[in-house]
Structure formats: structure tokens, C-alpha cells
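Notes follow the structure.
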Amino acid sequence: MKKVILATKNKGKAIEFKEIFSQIGMEIVSLLDISESIPDIEETGETFEENARIKAEAIADRFELPVLSDDSGLEIDALNGRPGVYSARYAGLDKNDHKNVEKVLKELNGIETEKRTARFVCVLAFARPGIDTVMKRGICEGSIGKERKGEHGFGYDPIFYPKGYDRTLAQLLPEEKNKISHRRHAIDQMIDWLETEGKME
68 MKKVILATKN KGKAIEFKEI FSQIGMEIVS LLDISESIPD IEETGETFEE NARIKAEAIA
128 DRFELPVLSD DSGLEIDALN GRPGVYSARY AGLDKNDHKN VEKVLKELNG IETEKRTARF
188 VCVLAFARPG IDTVMKRGIC EGSIGKERKG EHGFGYDPIF YPKGYDRTLA QLLPEEKNKI
248 SHRRHAIDQM IDWLETEGKM E
């Protein structure tokens, strides 16, 4: 089994990635599994691609192992693509989901339903020392509701209606959400690449 570091300290994300990638013979080791203290890597990019690349290549260079990293967020058309790469800290540096949602709802106040189109974006980067980094982008199209609904999920899930659904992501069961999520679309593309062109030495 090929060992790959997942550049995250998010326990839920680590479990999800381990389960999925084990099916193609990859052992995922998250930063939570590494005893060495690793400082947070500053994400200075202006796009999801840049931030995913920064994280993946920094960890790959440090440990000289293949690394998977993701960067994701919400793009709202009526807000010119905001919150975008600043999704996690949109209302402040403390990463407060409730405040982030409140800020979005306030900024969209008075905007009619058909103009509240949005999408979740996830970019996965796969970095290896001395080899060009490969990136895959997954998207979940939808729109922003006018109030929170649902108890599942996290972040902006309670106000995001996936295209074709009359329920928010937070109203969907986790297994329903995972089939259509932006992260799942990016993962499926990366797995397809790994199994065809990206066979690891």
C-alpha cells in the first residue's frame, strides 16, 4: 500500500479520505497522525488552486513523501465570487461558521431568489518531491436560501441548496451529501487520474 500524507488536521476529513483512498491501495496519513509538530502553513494564494498547491508542496518538501491537500470554499455570484478563498474566515479570523453565515445572509438581503446562484468549489492538489503537482477541481452548483435549514453538515451547508434539490446540504443525510459534494467530485477525478496516469512508483 502506497503511503500518502493528507495535509489536514481536520479529523472528519481525515476519516473520509482514508476510507475512500484505501479502496485504491493508498494509505492516508493525516497531520494528526504525525507526532512531529507542524506549524500551520500560511495560505497566501488568491485562488483555491494556489492555496492547495502551497500546502501540498510545503509538506511534500518537508517529508519527501507524496501529499494530498485540498482547498475549498463558497462562491456567490451576486457577491462577485465572495467569500471564495476567504470562506472559512469571512466574518473574522476565528473561523466562526455562525458568523460567516450571518454575514452572507446580511449581504444578500433583498436579492431575489433567482439571483442567489452559488457554488461550492474544492481543489485537490497531489504533490510529489521533484515532480509537477497535479490538481483536480470539483464543483457543486446551487443557490443560497434566505434562512438556515437543517442540522447536518457544517459551514455554509444550512443555507446552500444544491441544484435540483429543495433541501439544503444541512437537510441531506451525510451519505446523500457525500454523493454530490464538491469534495467528492474532486476526489473522484483525482482517483481516476491516480488509477490511469498517476501510477505511483
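According to the numbering used here, the sequence shown is numbered sequentially starting from 68. Beta carbons are placed, not taken as given, at the ideal position from N, Cα and C, and that holds for glycine.
Cβ-based burial, Arg195 [other Cβ within 10 Å; buried from 16]: buried
For Val188 and Ile206, believed in contact at Cβ under 8 Å, the rounded distance: 6 Å
Length of the line joining the Cα atoms of Leu175 and Tyr223: 14 Å
Expected contact under 8 Å - CB spacing of Val190 and Asp137 to nearest Å: Between Asp137 and Val190 the Cβ distance is about 7 Å, and since that is below 8 Å, they are a contact.
Neighbour-count burial assignment, Ile101, 16 or more Cβ in a 10 Å radius: Exposed, because fewer than 16 other Cβ atoms sit within 10 Å of the Cβ of Ile101.
Validate contact between the region 78–85 and the region 138–147 using beta carbons, cut 8 Å, 3 pairs: no
Rounded Cβ spacing between His219 and Leu239 (contact assumed at less than 8 Å): 7 Å
CA nearest to the CA of Arg129, picked from Gly217, Glu262, Val171 and Ile105: Comparing alpha carbon positions, the residue from Gly217, Glu262, Val171 and Ile105 closest to Arg129 is Ile105.
Own chain residues within Cβ distance below 7 Å of Lys216, not counting five before or after: Pro225, Thr235, Ala237 and Gln238
Start-end ranges of the beta strand (DSSP E) lying completely within the region 196–227, minimum 3 residues: At a cut-off of 3 residues, the continuous stretches assigned as beta strand (DSSP E) that sit fully inside the region 196–227 are 198–211.
Buried/exposed call for Asp255, threshold 16 Cβ in 10 Å: exposed
Separation of Lys173 from Gly151, as counted between CA atoms: 17 Å
CA nearest to the CA of Met202, picked from Phe221, Val168, Lys182 and Asp259: Asp259
For Gly231, three-class secondary structure by DSSP: coil
Own chain partners of Ala155 with C-beta closer than 8 Å, once the 5 adjacent residues on each side are dropped: Gly140, Lys162, Asn167 and Gly222
Bridge-paired residues (DSSP) for Lys70: Glu94
Whole runs of the alpha helix (DSSP H) within the region 88–156, excluding any shorter than 4 residues: Within the region 88–156, the runs of alpha helix (DSSP H) that reach at least 4 residues and sit entirely inside it are, in chain order, 115–130.
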